[in-house]
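What follows is a set of notes on a single structure, which appears directly below.
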Amino acid sequence: MSLLSAKRLEKHYGHHIVLENLNFSVEQGEFVTLVGASGCGKTTFLKMLLGTEAISKGTLLLDGQPIPNEPGPDRGVVFQKYSVFPHLTVLGNVMMADELHSAKLLGKTFGATRRRAIENANARIDEVGLGHALHKYPHELSGGMQQRLAIAQALMMRPRILLLDEPFGALDPGIRQDMHALITRLWQEQQLTIFMITHDLKEAFALGTRLWVFDKTRHDPQAPNAYGATITYDLPLGQHTDDALSAQAFSQQLAERGGATHTQETLL
-18 MSLLSAKRLE KHYGHHIVLE NLNFSVEQGE FVTLVGASGC GKTTFLKMLL
32 GTEAISKGTL LLDGQPIPNE PGPDRGVVFQ KYSVFPHLTV LGNVMMADEL
82 HSAKLLGKTF GATRRRAIEN ANARIDEVGL GHALHKYPHE LSGGMQQRLA
132 IAQALMMRPR ILLLDEPFGA LDPGIRQDMH ALITRLWQEQ QLTIFMITHD
182 LKEAFALGTR LWVFDKTRHD PQAPNAYGAT ITYDLPLGQH TDDALSAQAF
232 SQQLAERGGA THTQETLL
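Count the sequence shown with the working numbering and you get residues -18 to 249, in order.
Dropping the structure here:
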């Protein structure tokens, strides 16, 4: 049985169709990179996987069962903008996920439960290379360090699925390379299933085992919201290819086939 599957999945907001006719099957341990023009529904799709957006039509299954309509510890998420609590230290930020899960009423744990939470948080912080910054606050961290903190938060509950919404888009190229190495290591060590949105096709080829392109296959100039995006390409990615050349060739292929929203200018 696949970890995640969808059949004729759609998302509407009133008469505005965002996504339509999504059909896929994803196995545990896959790394799926998502590309497409801004506003085509990629983030909406991640929110459906997270459980914060309800489906409009079709089915979306996790382990053969309808995906819960609320976030759970089996799904972690990291956004492009640093989603950390400014008034908490690195340790406090990472512990927060455990405390909210274990102590829903008070939002704070005590005794042996708290000691276990601290040990767990320390382990996650060490995994992302922030062990030296336990007691620093977010404003004392660089952009790359803040994103490492956000990843540690997302991993605190040991999720099976990690959702990444352009997590490295705001980082300098050198720092992005470091983050690529980090996320690849965590994916392999923890056997995560990852869905990552990116506007950088080279990044998509470098990190993913599978590439999805979101685009509309139907257009009506008189009613631009009448049709939604779907997965127009589902491409398996090899681990021994030249990522830059592969990305450039694929971008050119998209342009030649009329994928106007996925030219080199928007994806590279």
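Each residue gets a CB set at the ideal place from its N, CA and C atoms; glycine is no exception. Note that this is a predicted model, so its numbers are computed, not measured.
Self-check item: Status (buried if at least 16 other CB within 10 Å, exposed otherwise) for residue -14
Solution: As a first step, residue -14 must be located in the sequence shown, where it is residue number 5. Residue -14 is classed as buried because its beta carbon has at least 16 other beta carbons within 10 Å across all chains shown.
Practice problem: Give, in chain order, every unbroken run of the beta strand (DSSP E) that is at least 3 residues long and sits entirely within the segment 71 to 152. | Solution: Here the runs fully enclosed are 142 to 146.
Quiz item: Going by the CB atoms, is the gap between residue 31 and residue 56 shorter than 8 Å?
Solution: The residue labelled residue 56 in the question sits at position 75 within the sequence shown. The residue labelled residue 31 in the question sits at position 50 within the sequence shown. Taking 8 Å as the Cβ cut-off, residue 56 and residue 31 qualify as a contacting pair.
Exercise. Measure the alpha-carbon distance for residue 59 versus residue 136 and round it to whole angstroms.
Key: Here residue 59 corresponds to residue number 78 of the sequence shown, with the count starting at 1. Here residue 136 corresponds to residue number 155 of the sequence shown, with the count starting at 1. Near 10 Å, if we compare the C-alpha coordinates of residue 136 and residue 59.
Quiz prompt | Inter-stretch contact (C-beta, 8 Å, three-pair minimum) for the segment 96 to 104 and the segment 17 to 24 | solution = Touching, no.
Quiz item: What did DSSP end up calling residue -2 once you bin it into helix, strand or coil?
Solution: Along the sequence shown, one-based indexing puts residue -2 at 17. DSSP, read as helix, strand or coil, puts residue -2 in strand.
Quiz prompt | Bridge partner(s) assigned by DSSP for residue 37 | solution = The sequence position of residue 37 within the sequence shown is 56, counting from 1. Residue 37 is not bridged to any residue.
Quiz item: Quick one: complete beta strand (DSSP E) runs, 3+ long, within the segment 174 to 221?
Solution: Every beta strand (DSSP E) stretch that sits fully inside the segment 174 to 221 and reaches 3 residues is listed by chain position as 174 to 178, 191 to 197, 210 to 217.
Quiz item: Taking buried to mean at least 16 other C-beta atoms within 10 Å of its own C-beta, is residue 140 buried or exposed?
Solution: One-based indexing of the sequence shown puts residue 140 at position 159. Residue 140 comes out buried.
Quiz prompt | Own chain residues within Cβ distance below 7 Å of residue -11, not counting five before or after | solution = By one-based count along the sequence shown, residue -11 stands at place 8. Short of 7 Å from the beta carbon of residue -11, and not among the five residues preceding or following it, lie these beta carbons of its own chain, in chain order: 2, 4, 38, 39.
Quiz item: Buried or exposed: residue 66, going by 16 or more other Cβ atoms within 10 Å of its Cβ?
Solution: Sequence index remark: in the sequence shown, residue 66 carries index 85 (1-based). Burial call: exposed.
Practice problem: Output yes or no for whether 8 Å exceeds the beta carbon distance between residue 191 and residue 216. | Solution: Residue numbering aside, residue 191 sits at position 210 when the sequence shown is read from its first letter. Residue numbering aside, residue 216 sits at position 235 when the sequence shown is read from its first letter. Going by C-beta atoms, residue 191 is nearer than 8 Å to residue 216.
Practice problem: For residue -16, name the three-state secondary structure that DSSP assigns. | Solution: Here residue -16 is taken as the residue at index 3 of the sequence shown, counted from 1. Assigned with DSSP and collapsed to three states, residue -16 falls in coil, not helix or strand.
Quiz item: Distance, Cα to Cα, residue 52 vs residue 33?
Solution: One-based indexing of the sequence shown puts residue 52 at position 71. One-based indexing of the sequence shown puts residue 33 at position 52. Rounded to the nearest angstrom, the gap between the Cα atoms of residue 52 and residue 33 is 7 Å.
Quiz item: Counting along the chain, where does the alpha helix (DSSP H) carrying residue 26 start and finish?
Solution: Indexing the sequence shown from 1 puts residue 26 at position 45. Counting along the chain, the alpha helix (DSSP H) containing residue 26 begins and ends at 23 to 31.
Practice problem: Taking all protein chains shown into account, decide if residue 242 is buried (16 or more other Cβ within 10 angstroms of its Cβ) or exposed. | Solution: Along the sequence shown, read from residue 1 onward, the residue named residue 242 stands at position 261. Bear in mind that a pLDDT of 46 at residue 242, under 50, signals an unreliable position, so the model cannot answer this.
Quiz item: What number of angstroms, rounded off, separates the C-alpha of residue 197 from the C-alpha of residue 114?
Solution: In the sequence shown, counting from the first residue as 1, residue 197 sits at position 216. In the sequence shown, counting from the first residue as 1, residue 114 sits at position 133. Put simply, the backbone Cα of residue 197 is about 45 Å away from that of residue 114.
Practice problem: Would you tell me roughly how many angstroms separate the C-alpha atoms of residue 152 and residue 112, rounded to the nearest one? | Solution: Position 171 of the sequence shown, counted from the first residue, corresponds to residue 152. Position 131 of the sequence shown, counted from the first residue, corresponds to residue 112. Their backbone Cα atoms lie some 21 Å apart in a straight line.
Quiz item: For the beta strand (DSSP E) that contains residue 57, what are its first and last residues?
Solution: As a working note, residue 57 is residue 76 in the sequence shown. 56 to 60 is the span of the beta strand (DSSP E), which, as asked, contains residue 57.
Quiz item: Based on Cα-Cα distance, which residue from 179, 44, 105 lies nearest to residue 73?
Solution: The residue given as residue 73 occupies position 92 in the sequence shown. Checked all of 179, 44, 105; the closest Cα to residue 73 is 105.
Practice problem: Return helix, strand or coil for residue 161, following the three-state DSSP convention. | Solution: Walking along the sequence shown from the start, residue 161 turns up at place 180. If DSSP states are grouped into helix, strand and coil, residue 161 belongs with the helices.
Quiz item: What number of angstroms, rounded off, separates the C-alpha of residue 11 from the C-alpha of residue 148?
Solution: Looking up residue 11 in the sequence shown gives position 30. Looking up residue 148 in the sequence shown gives position 167. Cα to Cα, residue 11 sits roughly 18 Å from residue 148.
Self-check item: Cβ neighbours of residue 70 in the same chain (closer than 8 Å, five flanking residues each side left out)
Solution: Within the sequence shown, residue 70 is the residue found at index 89, counting from 1. Result list for residue 70: 115, 116, 117, 118, in chain order.
Quiz prompt | Residue of 133, 107, 156 minimising C-alpha distance to residue 123 | solution = As a first step, residue 123 is located in the sequence shown; it is residue number 142 there, counting from the start. Nearest of 133, 107, 156 to residue 123, Cα basis: 156.
Quiz prompt | Cα-Cα separation, residue 125 to residue 212 | solution = By one-based count along the sequence shown, residue 125 stands at place 144. By one-based count along the sequence shown, residue 212 stands at place 231. A straight line joining the alpha-carbon of residue 125 with that of residue 212 spans about 31 Å.
Self-check item: beta-carbon residue 98 near the ligand MN non-hydrogen atom, thresh 7 Å
Solution: Within the structure as shown, the ligand MN is missing, as the structure has no ligands at all.
Quiz item: Based on Cα-Cα distance, which residue from 193, 205, 28 lies nearest to residue 17?
Solution: Here residue 17 refers to the residue found at position 36 of the sequence shown. Comparing C-alpha distances from residue 17 to each of 193, 205, 28 shows the shortest one belongs to 193.
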